[in-house]
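Shown next, in structure tokens, is the structure this report addresses.
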Amino acid sequence: MTANIKIAVCQMRVSERKSLNLKHAGEMIRKASLQGAQMVILPEFFNSPYNTRIMAENAECFPGETTAFLSEQARSNAILLVGGSIPEVDADGKLYNTSYVFDEQGLLIGKHRKMHLFDIDIPGQITFKESEILTAGDGLQIIRHNGLSWAVIICYDIRFPELTRMAALQGAQILIVPAAFNGTTGPAHWELLMRTRAVDNQLFVAAASPAPNPDANYQPWGHSLVVDPWGTVISAAGNDEEILVCNINLSILDRVRRELPLLKHRRTDLYELNYKQWTSPAECTHDWQGTKTNELG
Numbered sequence: 023m024t025a026n027i028k029i030a031v032c033q034m035r036v037s038e039r040k041s042l043n044l045k046h047a048g049e050m051i052r053k054a055s056l057q058g059a060q061m062v063i064l065p066e067f068f069n070s071p072y073n074t075r076i077m078a079e080n081a082e083c084f085p086g087e088t089t090a091f092l093s094e095q096a097r098s099n100a101i102l103l104v105g106g107s108i109p110e111v112d113a114d115g116k117l118y119n120t121s122y123v124f125d126e127q128g129l130l131i132g133k134h135r136k137m138h139l140f141d142i143d144i145p146g147q148i149t150f151k152e153s154e155i156l157t158a159g160d161g162l163q164i165i166r167h168n169g170l171s172w173a174v175i176i177c178y179d180i181r182f183p184e185l186t187r188m189a190a191l192q193g194a195q196i197l198i199v200p201a202a203f204n205g206t207t208g209p210a211h212w213e214l215l216m217r218t219r220a221v222d223n224q225l226f227v228a229a230a231s232p233a234p235n236p237d238a239n240y241q242p243w244g245h246s247l248v249v250d251p252w253g254t255v256i257s258a259a260g261n262d263e264e265i266l267v268c269n270i271n272l273s274i275l276d277r278v279r280r281e282l283p284l285l286k287h288r289r290t291d292l293y294e295l296n297y298k299q300w301t302s303p304a305e306c307t308h309d310w311q312g313t314k315t316n317e318l319g
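Just so we're aligned, residue 23 is where the sequence shown starts under this note's numbering, counting upward by one.
This is the structure in structure tokens:
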């Protein structure tokens, strides 16, 4: 089993132009790779602005320009790549907030569609309704690769403890959270939620935010961070562009779960978590640019 992995969280500034965002993401991925990162994580909506008015025009089917870019970046840098999230449109025209994950050969090994849509109305501060344009996903996938297991959830998903507990019970060692909290929710809940989910599920949490862009309609909070299973912040950014590179030592997870075995102490005679088991088909079902990939629903 993999005992250690070096991860990089890219807190990048997102502009209005997709081509510039992809170029910039490529530059940050390369820098992270040169620092020894084995897994690189991009933020939520890294290829286009987080703005419901323009999500549809930036949405892509799979495969598309951005997923082809991610596949090539993973392959050329020989890394695991969690492609933050992008606006995805399916064959029926439904829009999703979707994260794609590629392995070191550029093969698609995971996909997560944001399950909880961010509809918020705080008078005088912020109003934002993803449900006006997006469709909610309906499944959680545990990605297993070379002895490592992790789950990707997106932003507002982190506020639902049932979901993160599902990930822990299904074997996730790391929870990866591409997210774009804002200037209202970020100062109040960003670090609190990431540390809480790490502690109550005894796993690592790596949260990747975009850096603020003064010209954008929506201002993300930044402050990307990595938290260990004891709730200790082991690496954190400010609100400027930054690449966090840190080692994840999975023996810490094993030690915490052994010394404080809270997952074993659950009273399943009194309560239980019922959830839908969701995994991708094991067989490859289509050929993308000559490279077989798993079809993920």
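Ideal placement from N, C-alpha and C gives every residue a C-beta, glycine not left out.
Only a predicted model underlies this, so the values are computations on that prediction, with no experimental measurement involved.
The way I'd put it, the stretch 79-92 does touch the stretch 115-126; three or more beta-carbon pairs between them come closer than 8 Å. Closest in C-alpha terms to Met-137, from the list Leu-103, Thr-120, Arg-288, Thr-218, comes Thr-120. Between Glu-152 and Leu-170, the beta carbon gap of about 30 Å keeps them out of contact (Cβ cut-off 8 Å). Listed as beta-bridge partners of Leu-247 by DSSP are Ala-229, Ala-258. The count of Cβ pairs closer than 8 Å, one atom from the stretch 27-44 and one from the stretch 262-280, reaches three, so the stretches are in contact. Pro-251 sits away from Leu-215, with the two beta carbons spaced by 8 Å or more. Annotation for Glu-213: no beta strand (DSSP E) segment contains it, though the alpha helix (DSSP H) segment containing it runs 207-223. Listed as beta-bridge partners of Thr-186 by DSSP are no residues whatsoever.
Contact check for Lys-40 and Asn-69: beta-carbon distance about 5 Å, within the 8 Å limit, so the pair qualifies. In this chain, Gly-128 is not harboured by any alpha helix (DSSP H), its DSSP state being neither H nor E. For Met-61, the enclosing beta strand (DSSP E) begins and ends at 61-63. Phe-91: member of the alpha helix (DSSP H) spanning 87-99, first to last residue.
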